[in-house]
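Here the structure comes first, spelled out in structure tokens, and everything after it is commentary.
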Amino acid sequence: MNANDTRPDTVTVIIATYNRTAYLRECLESVLKQSHAPAQVILVDDGSEEDVQAAVRGFADRITYVRQENAGRPAAFNRALGLATGEWLWFFDDDDVALPDSIARRLDAAAAQPDADIVMSEHYIGHDGPDGRIVRGRLISARGPTDHRLFVSILRNHLYLFQGMLIRRRCFEALGGFDTTFLRSADYEMTVRLLRRYKAMVLREPTFIWRDHQGLRGPKALRHDEAARKRVWMEFDGRLGRRIREQLSLGEYLAPPVLGRPLTPCEQRLAALTRMSVMASKGLVDEALDDLCLAADIQARCGIGGLSREERALCAQAMTHPYWLARIEDDPAAFVAKLRARSAAPLVRLFAGCLARGLLHAARKSEHVGHGRAALWRASLGVAALAGPRPVVRAYLGR
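For what it's worth, the numbering used here labels the leading residue of the sequence shown as 460, then goes sequentially.
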């Protein structure tokens, strides 16, 4: 098919693989047995030491196989972008398994909302069965917003995985390829860029099974096991958080975004607290506390009313993100000291009680998410003490 001869329903599947031959056949089988067949399947072998060609020999007449020196998944995706011909692109992982009507259901959803350039979907978690093939587990349903609040929600959490998306090829032609400096989180970084510019819709149905396994992950230069996964993701998500902070205007943290005019004081405060929650979700403690100070300064200068329910929720919920809790768990006293150093009176009065309630909730739940419970209790006590007696009592009564 000529690269310019695209129909609205043609899909190119792009898979990057590195030393995953044990899973690759099942992945390719699921992609090639779609009820709506893909027009093209591109497999980029990112310098595997394993014999990928032998593993996929039975698929040779149905896929485009490309091999490159190991450079990481973003570079492999970029290599495939230059070969893609479909109207829609589907980037899939070499260890996951697609449901049989994955393409068809997303194309049907796109046809019902033709102004959408991105179709997101949900997924199941799976694990290896006795024979090595995937066993489907529970459904992961984000239940996040599907309207203009979707972008802000994605800034906080990668709610919908990249391998569950269909994306119009022209979006990549306009934005350029993947950032190869993001050896991890490259798909998240691309998702933020896409949603900042293009309209997305959410299909409230699963389209694939994400395989949870203990195998090695990442490119050769950043190979890591399951135990190190969180640390590596935190590093690259932190980089993404700093980039978001540099590139987005304050009005883009509002839903819908406010562009082209000055923000009102109330809008400024809400935007600052929203950005605070985004920074907290990336484990960026200093940046998040700076945004709390900005919100307090706006309050002091403009004399606007107390926090709205949405703003209180932003403060409390920011305290419960796993990356944020991990940073606090490392050194709760340092966190409280940083907050105390920024504790102008409006900051303490407005926010400390909300922060304490969030940390207290996290401390109560920590046994279920693996965080140091004692460290979080100490942090919540320290934050509540900054607020004075009444907020302390309210925090510990959960009010």
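Idealized CB from N, CA, C, for every residue including glycine.
Only a predicted model underlies this, so the values are computations on that prediction, with no experimental measurement involved.
Item: Helix, strand or coil: how does DSSP classify Glu664 here?; Value: strand
Item: Go through its chain and collect everything with a Cβ distance to His607's Cβ below 7 Å, but skip five positions before and after it.; Value: Ala714 and Pro715
Item: Excluding the 5 residues flanking Ala645 on each side, which residues of the same chain have their C-beta closer than 7 Å to its C-beta?; Value: Arg532, Pro533, Phe637 and Asp638
Item: Would you kindly check if the distance between the Cβ of Ile584 and the Cβ of Trp669 is under 9 Å?; Value: yes
Item: Near Met660, what residues of its chain come up, given a Cβ to Cβ distance below 8 Å and the 5 sequence neighbours on each side ignored?; Value: Ala568, Ala569, Gln572, Ala575, Ile577, Val578, Met579 and Thr605
Item: On a CA-only basis, which of Ala535, Leu502 and Gln527 is nearest Arg521? Give me that one, please.; Value: Leu502
Item: Classify Thr471: buried if its beta carbon has 16 or more other beta carbons within 10 angstroms, exposed otherwise.; Value: buried
Item: Count the other C-beta atoms from every protein chain shown that fall within 10 angstroms of the C-beta of Leu598, then say buried if there are 16 or more, exposed otherwise.; Value: exposed
Item: Which of the three DSSP states is assigned to Ile474 in this structure?; Value: strand
Item: If I'm right that Thr650 touches Phe695 with Cβ under 8 Å, what's the distance once you round it to whole angstroms?; Value: 13 Å between Cβ atoms; not a contact.
Item: Taking the alpha carbon of Asp590 as the reference point, which residue from Ile703, Glu485 and Gly603 has its own alpha carbon closest?; Value: Glu485
Item: Quick check on Gly697: does DSSP put it in helix, strand or coil?; Value: helix
Item: Let me confirm a value: Ser708 is counted as buried when at least 16 other C-beta atoms fall within 10 Å, else exposed. Which label applies?; Value: exposed
Item: Below 8 Å on the Cβ atoms is my guess for Leu732 versus Leu798; work out the distance and round it to an integer in Å.; Value: Actually they do not touch by this definition, with Cβ atoms about 15 Å apart.
Item: Straight-line CA distance for Arg816 to Ile787?; Value: 15 Å
Item: List the residues that DSSP assigns as beta-bridge partners of Ala659.; Value: Ile577
Item: Give the DSSP-derived three-state secondary structure of Val556 in the structure shown.; Value: strand
Item: Using DSSP bridges, identify the partner residues of Trp669.; Value: Ile584
Item: Take the Cβ of Pro721 as the centre, count every other Cβ of all protein chains shown within 10 Å, and call the residue buried at 16 or more, exposed below.; Value: exposed
Item: Mind checking which residues open and close the alpha helix (DSSP H) that includes Arg564?; Value: Ser561 to Ala571
Item: Apart from the five residues just before and just after Leu748, which ones in its own chain have a Cβ nearer than 7 Å to its Cβ?; Value: Lys797, Leu798 and Arg801
Item: Can you give me the Cβ contacts of Glu509 inside the same chain, cut-off strictly under 6 Å, excluding the 5 residues immediately before and after it?; Value: Asn478 and Thr480
Item: Quick one: what's got a C-beta closer than 6 Å to His780's C-beta in the same chain, skipping five residues either side?; Value: Ala739 and Ser740
Item: Using a C-beta cutoff of 9 Å, does Thr544 count as contacting chain B?; Value: Here there is only one protein chain, and chain B is not present.
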